[in-house]
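Student: Quick one: the structure is below, and I'll ask about it shortly.
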Amino acid sequence: MTEKLTRQGIRARCTKLLRELGLRRTFTTEQLIGKLAESRGRPIHLDPVRFPSPGPCGLWVATDQADYILYEADTSKPHQEHIIVHELAHMVCGHHAHEKTQLFPDVAPELVRAVLARKGYSETHEREAELMASFLLGRVEPEPDRPEPSRAVAALDRILRPPT
């Protein structure tokens, strides 16, 4: 991928990649993870961590045995889902992960989690991953215990509306 893709070019590429995933019209985050794990031939592990501030909200680390998505533990569930799907979007787009073996060949994975920060992607990769994440999140089925946004907004409106 060239670094100078236009906004229109990024959108077209994301649309094409989304079609090529072969997922149903709507899907769960777990189904997306399963599809990517299958196509990559290794499991994808999700690990909540407390990143230092200021610091990243999420990180994808690849090893020969598995992919690890580290996401901020101290944030809301919808934000965590966005972080996770953003990191999955890097996989969908074919970006390279932070590879533990290349960055820190002699360091334990636990320590890698503590010290890595998002520094390895270009601005174009980040824009592409963010757009792909938006496309994916637009098709993710809401969790059963979380109301759909329109219902949540209506409930907040009822609660916050001044009495008449």
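Numbering follows the UniProt record's numbering, with no gaps: position 91 of the sequence shown is 91. Backbone N, C-alpha and C define an ideal beta-carbon position, used for all residues, glycine too. These numbers come from a predicted model, not from an experiment.
1. Pick out whichever of Tyr71, Arg42, Leu70 has its Cα sitting closest to the Cα of residue 172.
2. Relative to the C-alpha of Gln8, which residue among Glu128, Val140, Thr29 is closest?
3. Please name the residue, chosen from Glu38, Ala66, Asp67, Leu21, that lies closest to Arg139 on a Cα-to-Cα basis.
4. To which residues of the same chain is Ala133 closer than 7 Å at the C-beta, ignoring the five residues directly before and after it?
5. Kindly list the residues whose CB is nearer than 8 Å to the CB of Arg25, restricted to its own chain and excluding five residues on each side of it in sequence; keep chain order.
6. Is His86 helix, strand or coil when you go by DSSP?
7. Just to confirm my understanding: we take Ile33, look at its own chain, exclude 5 residues before and 5 after, and list those with CB closer than 6 Å. What are they?
8. Helix, strand or coil for Phe51 per DSSP?
9. Pick helix, strand or coil for Glu128, following the three-state DSSP scheme.
10. Mind checking Ala117: buried by the 16 CB within 10 Å criterion, or exposed?
11. From which residue to which residue does the beta strand (DSSP E) around Ala62 run?
12. Starting from Leu23, trace the beta strand (DSSP E) both ways and give me its first and last residue.
13. How would you label Val115, buried or exposed, when you count the other beta carbons within 10 angstroms and need 16 or more for buried?
14. Identify whether His45 lies in helix, strand or coil by the three-state DSSP scheme.
Tutor: In short:
1. No statement about residue 172 is possible, as the shown extent of the chain runs from 1 to 164 and does not include it.
2. Glu128
3. Leu21
4. His82, Val85, His86, Ala89
5. Arg139
6. helix
7. Ile44
8. coil
9. It is helical.
10. The pLDDT assigned to Ala117 is 40, lower than 50, so where the model puts this residue is not dependable; a value taken from the coordinates is nonetheless given after this. That one is exposed.
11. 58-62
12. Note, Leu23: premise wrong, no beta strand (DSSP E); not H, not E.
13. Because Val115 sits at a pLDDT of 45, beneath the cut-off of 50, its placement in the model cannot be relied upon, and the point is left open.
14. Looking at His45 - three-state DSSP - the assignment turns out to be strand.
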